[in-house]
Every structure is written in C-alpha cells, then in structure tokens.
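First the structure, in the form of structure tokens, and then the observations on it.
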C-alpha cells in the first residue's frame, strides 16, 4: 500500500503566507518555508527588524554576529501557536566568551495528525486506520567574534531535518552575519546572508540577503530606552520582490516594554492589516517574559510567548556594545550596588550605577 503524504493544509497556509514571494513558492519545501517563520516574541513584536538590533540569545536566528553582545549566559523557551494544527517549540542556550559568544538552538515544528491513505486496485484513495504526524526539526549552532571594538562577525550552521510518515530528509544551511556598532551615537548597522545551503529533495532553501539599521537612545535620565529598527531584504533569486521590516521598542524604567512593527512584504497578498505586529515584555531581575502578536490578514492571527533567563556575567575588554539599560538590581563589574552614583558601561553593553 502506498502512503499518501496528506498534509496539504500546512502547505496551503504557508504558501498563502509567503504569497508575496511569487512563483518561487513552488520551489520551496515545507522545511524551507519553516526557516522563514520568525523566532522570539521580542523580535517578532518589532516587525522582525533585527539585522542590527539583535543583541541577545535570539541572535541565533536573526544575526549570529549579535552573540558577541551577550552580557550573560541565557536560556530561552518559546511557543508559537501558528496556523491550523501547526505549532513551534523553541529551546536555545547562548553564552558569552572572551571576545564573542556561542549558542545552540532547537526549533521543533509539528503539523498535527493526518489520516494515512492508500491506493486500491482501481487507483482510488482509500483511508486506513493509521495516522501520521509530520514534523520539522531545525538545529542551529552559532558562533560570533569581535574583530575590532565595533565590529562583530558571526556564523550559524543549521541542520534541517523533516519527517513525513516514512519519508525522512536532511540538509544543512549556513548563515553569515556582521554588525558594526556605534557608527554614530546610538546607531548600529547589520548585514546578514540567510539560508545558504543545499536543496532538500530538490527544493531550494529561502536564500536571503538582509541589511539593517537600529538606533537607540535614552530619553529620560537613563530610566527609559527607545529603539527604532529597519531591515531591507533581498531574496535570491532576485526575480522575487525585495521587502522591508520596521519596528519600535520602548522600555519603561527597564521593566516593561511596548513593541510595534510592520512586515511590509505581506501588504498586498493577505489584506490591509497583514504584516502588523505588536508585543509586550516584562523584565524582573534576570528573567524576561515576552509576548508577540502578528497579523496575517485573511489567514488570521498568530501568537508567540517566550521566556528567557539570564545568569553569570561576561568578562570582556575593549568591546563596545549597545546602550541597553540594565535592571536596577544588577551590580557593577567591581561588585558595587546599583543604587546611586554615576553611570558606567558594563561589558555586556548594559549600563548601570556604580557606588
């Protein structure tokens, strides 16, 4: 009996979601499309404009060069309730080292359960008593290094495996990233090549070149922080339309974050509201809880929730980082308290108060 891989719902939804990519949708596998599903509630809430803004554990997805900006080791969990029966679970760990950082991440995407079919003697489909649950697993290994006080380079190696009933496939892809920090005041620049790799069962991976800028400043005596970011994407082959992402983030007393963004690639394909994103964040001590909403027009809404915990401190010298504000509880590198005094830079790029 021949098995019929009946998970057309997932293909249909993802094909509609990526409709703005044009005819190239037909040349990408399910796993290829999965590589384009944004990871992390904070980045998604900012419209996925992260080429220059990424500076935490989610750099493992958005730009590996951002791993050099880690201020402490981090572990994160994310749940993404996507379309239909599709759900994504993400687990990652990242750690700073002397002049850079490294990490590992697992992204498991399940497509739900589907009925297995066979073919009778007249070549008509017949249902069996069996079901199958297709899934994709993306394992990412990331590393970055500071090559100058303001220049970070990084790379990701991604292993992409997919399983559909008795069919199993494996391929590899590479991300290359660069960030130039403090180009002018709070302006950072980023560049990334995503998903350079081998086809999977003859289907191409979504190769993309991304360039971005992020500007951060502290408008209220270092208690609040505002960031604006924008990315421009050039899919390859260049017959596909280029598109832009834009996002904003505002931190209130470094505890509560409000985010908004827009993914302009979806403007015409799924409705007027398609591409709109928003999110909230809460930071207590070294723990962060983030939520993001993303509108996909006629397909509906998706929701992401992520939890991140930090521990330990980076030990670096002569590395410039972003102006991220540190929680008040954190101590200075010398072990002083955060109460009173003048502001000094912390090696992670956070700012804090020394005695």
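Numbering (my numbering), first residue to last: 272 to 626.
The C-beta atom is built at its ideal place from N, Cα and C for all residues, glycine as well.
Remember, predicted model here, so these are calculated numbers, not experimental data.
So residue i and residue j are supposed to be a Cβ contact under 8 angstroms. How far apart are they, rounded?
i: residue 448; j: residue 335; result: 5 angstroms
i: residue 425; j: residue 544; result: 34 angstroms between Cβ atoms; not a contact.
i: residue 305; j: residue 407; result: 5 angstroms
i: residue 345; j: residue 526; result: Between residue 526 and residue 345 the Cβ distance is about 18 angstroms, and since that is not below 8 angstroms, they are no contact.
i: residue 386; j: residue 402; result: 6 angstroms
i: residue 485; j: residue 324; result: 4 angstroms
i: residue 573; j: residue 363; result: Not quite, the Cβ-Cβ distance comes to about 20 angstroms (not below 8 angstroms), so this is no contact.
i: residue 357; j: residue 380; result: 7 angstroms
i: residue 439; j: residue 471; result: So it is not a contact: roughly 11 angstroms between Cβ atoms.
Leaving aside the five residues before and after residue i along the sequence, list all residues of the same chain whose C-beta is less than 8 angstroms from its C-beta, in chain order.
i: residue 513; result: 503, 504, 505, 506
i: residue 343; result: 367, 557, 581, 582, 583, 584, 585, 619
i: residue 217; result: For the chain, the structure presents residues 272 to 626; residue 217 sits outside this window and is missing.
i: residue 535; result: 514, 515, 516, 517, 546
i: residue 488; result: 456, 457, 496, 497, 594
For the beta strand (DSSP E) holding residue i, just list the boundary residues, first then last.
i: residue 353; result: It is not in any beta strand (DSSP E) - residue 353 carries neither H nor E in the DSSP assignment.
i: residue 452; result: 438-455
i: residue 460; result: 458-468
i: residue 403; result: 396-403
i: residue 418; result: 406-419
i: residue 372; result: 371-381
i: residue 389; result: 385-390
i: residue 480; result: 479-488
i: residue 581; result: 572-582
i: residue 495; result: Looking at the DSSP string, residue 495 is not in any beta strand (DSSP E), and its letter there is neither H nor E.
Taking the straight line between their C-alpha atoms, what separation do you get for residue i and residue j?
i: residue 317; j: residue 391; result: 51 angstroms
i: residue 516; j: residue 400; result: 46 angstroms
i: residue 533; j: residue 499; result: 12 angstroms
i: residue 466; j: residue 321; result: 16 angstroms
i: residue 373; j: residue 395; result: 52 angstroms
i: residue 592; j: residue 452; result: Its pLDDT being 46, under 50, residue 592 is placed unreliably by the model, and the measurement read from it follows with that caveat. In a straight line, the C-alpha of residue 592 is about 7 angstroms away from that of residue 452.
i: residue 548; j: residue 528; result: 14 angstroms
i: residue 462; j: residue 483; result: 6 angstroms
i: residue 520; j: residue 457; result: 14 angstroms
i: residue 442; j: residue 480; result: 20 angstroms
i: residue 355; j: residue 307; result: 17 angstroms
i: residue 359; j: residue 382; result: 9 angstroms
i: residue 468; j: residue 433; result: 15 angstroms
i: residue 464; j: residue 569; result: 30 angstroms
i: residue 531; j: residue 393; result: 55 angstroms
i: residue 450; j: residue 477; result: 22 angstroms
i: residue 326; j: residue 459; result: 11 angstroms
i: residue 559; j: residue 566; result: 23 angstroms
i: residue 384; j: residue 571; result: 21 angstroms
i: residue 630; j: residue 319; result: Because residue 630 is not part of the residues shown, which for the chain are 272 to 626, the question remains open.
i: residue 444; j: residue 552; result: 31 angstroms
Closer than 7 angstroms by C-beta to residue i: which residues in its own chain qualify, once you throw out the five before and the five after it? Chain order, please.
i: residue 312; result: 349, 550, 561, 562, 563, 575, 576, 577
i: residue 310; result: 329, 332, 349, 361, 378
i: residue 454; result: 460
i: residue 522; result: 495, 496, 528, 596
Excluding five sequence neighbours on each side, which residues of the same chain lie with their C-beta closer than 6 angstroms to the C-beta of residue i?
i: residue 410; result: 377, 430
i: residue 427; result: 335, 411, 413, 446
i: residue 397; result: 389, 391
i: residue 605; result: Model confidence at residue 605 stands at a pLDDT of 37, short of 50, so the residue's coordinates are unreliable and nothing is read from them.
i: residue 494; result: 524
Along the chain, where does the alpha helix (DSSP H) that runs through residue i open and close?
i: residue 315; result: 312-316
i: residue 423; result: Looking at the DSSP string, residue 423 is not in any alpha helix (DSSP H); the run it does join, the beta strand (DSSP E), is 422-435.
i: residue 332; result: 330-333
If we require 3 or more residues per run, which beta strand (DSSP E) segments fall completely within the stretch 513-554? Listed in chain order, they are 514-523, 527-534.
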